[in-house]
Structures are given as C-alpha cells and as structure tokens.
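This report concerns only the one structure given below.
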Amino acid sequence: MEKSYMGRILMVDMGTGNICEETVPDKVYENYLGGLGLAASILYDRIPAGADPLGPDNILAFVSGLLTGTGTLFTGRWMVAAKSPLTGTWGDANCGGNFSPAIKKCGYDGIFFTGISEKPVYLSIINGKAELKDAAYLWGKDAVETEAILISEANDNKARVACIGPAGENLSLISGVSNDRGRLAARSGLGAVMGSKRLKALVLSGDHAILPNNRAEIKKLRLKTLIFVKSQPPLNKGSLNAYLGKAFRMLPSQIVMDGILYKMMLKKWGTVSLNQLSIEIGDSPVKNWKGTYRDFTGRKSAPINPDRIIAREVKKYFCYSCPLGCGGICKTKDMDGKDFETHKPEYETVVAFSGLLLNEDLDSIFYINELLNRAGMDSISAGATIAFAIECYEKKALKPGETNGLKLKWGDTKTIVALVEKMIKREGIGDILADGVKKAAERIGKGAQKYAMHAGGQELPMHDGRNDPGFALHYSVEATPGRHTMGAFMYYDMFQLWKKIKSLPSPGLMYSKDSKYVADEEKVIKAAACSKFMNVANGAGLCLFGAFLGLHRLPLFEWINAATGWDKTPEEYLEMGAAIQTLKQAFNVKQGVDPKSLKPNKRTLGEPPQENGPNKGRSVEIDELMKRYWEHFGWDPETGKPA
Ligand code: SF4
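Okay, here's the thing in structure tokens:
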C-alpha cells in the first residue's frame, strides 16, 4: 500500500566508509511518524550513554517529513538531529529551502552519519549511487561557495546540497547546516557535529516517486488552505506595526490572535513584520534582556521598519511546497559600499542585531546576515553572545586587553561587525565567544555567568518569557532547551487546536494579561498541547508558520491520514506527539542530563522583575510550571524523569 514514506534509511559510517540501507518497520512510523520522530526513535537506541557529541559515537541525522512531497502545503522542512554539543541534550534544528524532498527522492526518509572520517568528505547520492567523495578542496570555503561548486560539478539541475561553512569546520558550538544559499538549520550547534565528522556536504539527486495513499483527497483538502493563503487585503505601512505594538501594550487584555493578521503580515513583509511591534509589546528583548522599548525607542528602531527591509527585496522566496513565501532575496550594499545579494534577514536576526545590542544601522544587519549565513553560524546565538560580551565589558568582567583593543559599547556598529568577523575566524576575543555564552562565561570567569542569557547552554531566542510565560516554560522543559519553535501561550491561541480536540480549553476572544502569570493547570495543558502538536508537525515536516494559520485552516491531521492511509483521530495524533516528547526526554536522561538544570538565566524569568516597560513587575513561576508540565506527561514531577 502507498503510504507517502519511503520505509528506508541510509546509514553512513564515516570511520569505515561503509554505506548501507536499512528497512524501517511500519510500526516505527505508526508510533513516531517521520522527521524528528523517526530520528528520535533511532538516536535514542543507538547513541550510547555519555557519548561525546563531537566524538565518533554521536549520530547525525538528516530527515525529511512524512508529508514532504505528497502534494500537501507548507510541508517541505528538513531537519537535523544529534546529541547537541552546545547543550549536551537532544539537539535538533529545522530548515526550509529545497533539501527535504531531495532526501525522499533518493529513496530515504533519513540519512544517518556515525563515526569520524580521517579526511574531509562529502556524501554524493546521484541516480541511486551513494558514495563518499574527497572534500579537501572544499574545506575552508563558505556555505554559499560550497553549494555553488557542488551543484556545478554535479551537472544535474535536480541536485540539492546541504553543507557547513567555516563555523562548522571550526567546531563552533553555535554553528548550523546550510541549504539553498545560506538558509540555515541553525540551532543546537549541529554544524559542529557535521564538522567533527569531517562531513562537508551532502549532494542529493534522485527520481524515487513519493506516493501518498490518497492523492485526490490531499488535493481536495488543499483548496481551502490555498484560497485562504492567496487572498490578501492590502496592507499599507510597515510603521503602523509599531503603533499596533503600542496599542497591544496599553491594553489590559491579551487578544487571542487568529492566523489572519499574521498571515497577511508574513505575506507582505515576512517575519520582519514583527520587528518594531515585538519591541513595543515587550516580546523582543532589548539590551541583553535588561532594557525595554524605552532604550530602543520608535525613533531608534525606525531603520528596522519592515518597509525599509522589503525596499531591498528584489524577489520573493518560497520554500518547497509553500504557497505563502515569507522569504525574499534582497540586493544591498556591504560595509564598503559594494553590492551583494542575500536572503532577507529574519526577525530573529534583525532584532538580535538591533534592539538586543541597541544597533541602529540596517546596512550592518544585512551584512552580518550574509556573513553568518556564509559561515554557517546561528544568528540568534551570535547576537546573544555579542550582547553578553558588551555587558561583560560594561561590568568590567572583560578588559580592553582581552578584547583585541576593541571597546565594546552598546550600539557601536563597527565593533559589532568586528566581533562577528572575529567569531567566525575564531580570532582573539572571537575564539572566546565562538562557542556561545555559556562557554564564553566559563572562559571569562569573574561572575560573567550572570550576563549569559541561555537555557541549558543554548542562547535564548528573541521572545521574552516575561511577556509570554509560555516561552519561558518551553525554553525550560523542551528536550532541546532555549527553543522558541515548540510552543508559547500565543502559539496555543494561534494553532486553535481546541477546534479539532474538544477536550482542550478555548481561550475565548481575550483574557486578562495578569492571568498569563498564574501557574495553573490550564497553562500546562496548553503548553503540553503545543509540545505534542509540534512533535506531530515536525514528524510531518510542517512549517511553523503554516501551523499559525490555525488547524481549522490547515488540515494537518487529515493530510497525514490521506497520505498514509491511516484513520487516526486528532487526539491519537497528539498521543503520538506525547510519545515523541517522552522519547526525547528519555534520551536526555540516558545521556545524564538533569532536566532541572535547563532553566534559563534568572533575569529572563523576571527574577528580579523589571522596574519599567511592558514587563514591569512580571516574573514567571517557572518551578511550579515545570513540575506541573512533567506531571502532565506522567514523568516524575520532582525530577522530570520519565518513569
Ligand atoms: S512560510 Fe516562509 S518559512 Fe514557511 S515554508 Fe513558507 S517560505 Fe518557508
């Protein structure tokens, strides 16, 4: 029977060069779906306890989604997973672009690498022939150059490439894996795992058919989503988004967000539509999480008005199977006035290199975006690490003699660019910072940990848990700490899961902002529902922004049934999501991780609370929320360990 998955994985032993196929039993998909669920089922069993993340026992997985290539929409994400060298926990990262269908077209749901090669190599799978090829001539080249060379050498217009840049080669613990000219699976430091294996790239081209069970049903179900995505009332000025943020800030109530507004904003501007809005409402952290919009006022944030960003967009960018196209290709100038093209920077990159550092120079943000994409370095982590370094300098934990003569100051564009360049090259102070804030604080000492905003070692994303305690909870309890892509109270509102699963609470049209800070059962039910749902989404290869349309507009569960021939209810899918969550938690416990140790820096939890701004007086009852969350999953509420 046709089921949309390929039922096979490829295992590559980098130490011996042995490459072999394995058949995956149907029950693995029926229990854990594809994507990261499939990766979890294999990595949990096969990575030995206590494995060195940069050693031969770690396994690096490249997986495609269960729905990728089936005619469904928003389902072209590919994912990387391994034991994270940044956190020592389960590590995964997720990326759009065009690489995901290439994995399946080669006949596999995932490609897994173990061992360490003696010399740099890349994996080539062209027309069914899988081989490791010499990559010495590519070592040292950036991700964009590497991809261009490999595509040209493959001489095959179907060939797709994922690769690392110098950051991964240099084992930077904040490095990621790139595809499609610098789109990065950035988080968890998995570029360093690839670098440790001396695996420069994967080049994939195949012709395997991806066969869903009921293509007609999938097509029928697409229609409503397509009509919704294609319709677009006019949106005029990006500067209005900042005023919208001010208005939201002043309201005593939280409005339950429906996907309509976000879809319109994404379609017009992309994720940068949120830049000023998020700073105004207190979602986007300012000045290493100690500032507010008062430090980065509307005048100072004007350069990141989304209109100014899309003024440089020369064409829209769509990931595989996406009808929305929140990306863009931009033309701009570097710091010397030379023209270059780059992906439109994402919200996370823009605010990590503006409000978080008080930098008002948009040219520098475009330039840094391209530098980091080419190097294959995570822009969230890089921005957070520079914010940490500036605060260390301000508090005299770092002295001029330790910074290559650079005077680290808030808003000093030249110094910020210089620090990025040094981190990429691991040069001087850059070598201290190139592994993120936790390692840098250990190297610096002198109480620097106080200024390091991370959870379990991973730098926090640009969403403030003091504004939405759901973020703080997910940063603390997810198997990969410090991730914003698994849930938040606002995400729960947008997913609108209660329209499919009647036992889940409906938030109504609005609720009081004060109520967000009460650590009660309902908050935990919402957070757990987000985690479970996102495990299903990551099993299917779904883009988070597709999920933001709301499950009443995006028929994820129905599509999985149509693609596989299963007849599962939404409740049963969430149970599968819960099983994946437990498996990832068990992975962490097997690897010796103490779940209680993954809580973020106290400042980010409002301990002590801020004295002004939108999050004034707010703190998160994180210990109570964590206990209740663990209990919800049937794990030990005191230790967070699955039974
Ligand atoms: S919404 Fe944006 S990130 Fe998501 S699939 Fe479409 S283009 Fe890619």
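Sequential numbering of the sequence shown, starting at 1014, is according to our numbering.
Glycine included, C-beta positions come from ideal geometry on N, C-alpha and C.
A quick note: this is a predicted structure, and the numbers were derived from the prediction, not measured.
Stretch-stretch touch, CB-based, cutoff 8 Å, three pairs: the stretch 1532-1543 with the stretch 1568-1584: Contact check between the stretch 1532-1543 and the stretch 1568-1584: fewer than three CB pairs, one atom from each, fall below 8 Å, which does not count as touching.
Among the residues of its own chain, which have a CB less than 6 Å from the CB of K1408, if the five just before and after it don't count? Closer than 6 Å at Cβ, skipping near neighbours: no residue.
Cβ-heavy atom distance, C1343 to ligand 1, below 7 Å: no
I want to check one thing, is the minimum distance from the CB of F1558 to the heavy atoms of ligand 1 below 7 Å? yes
Going by the beta-carbon positions, is the gap between L1384 and I1457 smaller than 8 Å? no
Tell me whether L1279 counts as near ligand 1, meaning its Cβ is closer than 7 Å to at least one heavy atom of that ligand. Yes - ligand 1 has a heavy atom lying nearer than 7 Å to the Cβ of L1279.
C-beta atoms of A1542 and L1510 nearer than 8 Å: yes
Any heavy atom of ligand 1 within a distance shorter than 7 Å of the CB on G1109? Under cutoff, so the answer is yes.
Apply the 10 Å Cβ neighbour rule to T1305 and answer buried if 16 or more other Cβ atoms are within range, or exposed otherwise. buried
Can you tell me whether G1630 is buried or exposed, with buried defined as 16 or more other CB within 10 angstroms of its CB? With fewer than 16 Cβ atoms within 10 Å of its Cβ, G1630 is classed as exposed.
Coil, strand or helix - W1302 by DSSP: Look at W1302 here: in three-state DSSP terms it is coil, with no helix or strand label.
Would you check if the stretch 1261-1274 and the stretch 1583-1595 touch, i.e. whether three or more CB-CB distances between them fall below 8 Å? no
Tell whether a beta-carbon distance below 8 Å holds between M1475 and P1298. yes
Measuring from the CB of L1337, is there a heavy atom of ligand 3 at a distance below 7 Å? Judged by which ligands are present, ligand 3 is missing from the structure shown, whose ligands are ligand 1.
Whole runs of the alpha helix (DSSP H) within the stretch 1310-1364, excluding any shorter than 4 residues: Counting only runs of 4 or more residues that sit fully inside the stretch 1310-1364, the alpha helix (DSSP H) segments are 1311-1314 and 1319-1323, in chain order.
Less than 8 Å between the beta carbons of Y1464 and N1301, yes or no? Their beta carbons are under 8 Å apart, which means Y1464 touches N1301 by this criterion.
Is it right to say V1327 is buried, meaning 16 or more other beta carbons lie within 10 angstroms of its own, or is it exposed? exposed
Work out the CA separation of A1492 and L1473 for me, nearest whole Å. 14 Å
Cα separation between E1182 and A1149? Looking at the two C-alpha atoms, the distance is approximately 12 Å.
How is the alpha helix (DSSP H) around R1235 delimited, first residue to last? R1228 to K1243
Ends of the beta strand (DSSP E) at K1146? First-last of the beta strand (DSSP E) with K1146: K1142 to D1147.
With burial defined as no fewer than 16 other Cβ atoms inside 10 Å of the residue's Cβ, what is the status of C1661: buried or exposed? The shown model of the chain, from 1014 to 1656, leaves out residue 1661, and the question about it has no answer.
Could you tell me whether any non-hydrogen atom of ligand 1 is closer than 7 Å to the CB of F1331? yes
Boundaries (first-last residue) of the beta strand (DSSP E) holding D1105: W1103 to C1108
On the premise that L1369 lies in contact with A1400, defined as a C-beta separation below 8 Å, what is that separation, rounded to the nearest angstrom? 5 Å
Check whether the stretch 1237-1249 touches the stretch 1150-1166, counting contact only when three or more Cβ pairs, one atom from each stretch, lie closer than 8 Å. no
Have a look at the DSSP bridge pairing and note the partners of E1035. I1022
At what residue ranges does the stretch 1515-1542 contain a whole run of the beta strand (DSSP E), taking only runs of 3 or more? With a minimum length of 3 residues, the continuous beta strand (DSSP E) runs that stay inside the stretch 1515-1542 are 1523-1525.
Could you tell me which of V1134, A1402, L1049 and E1434 sits nearest to K1422, measuring between CA atoms? A1402
Short Cβ contact (8 Å threshold) for Y1530 with S1266: no
Kindly list the residues whose CB is nearer than 7 Å to the CB of E1293, restricted to its own chain and excluding five residues on each side of it in sequence; keep chain order. The beta carbon of E1293 lies closer than 7 Å to those of A1255, G1258, K1259, R1262 and Y1306 in the same chain, with the five residues before and after it left out.
With 16 other Cβ atoms within 10 Å as the buried cut-off, status of R1566: buried
Own chain, CB closer than 6 Å to D1481, minus 5 neighbours either side, in chain order: A1501, F1502 and M1503
Can you determine whether any heavy atom of ligand 1 sits closer than 7 Å to the C-beta of G1089, and answer yes or no? yes
With DSSP as the reference, identify every bridge partner of I1138, one or two as the case may be. A1143 and L1217
Mind checking G1647: buried by the 16 CB within 10 Å criterion, or exposed? exposed
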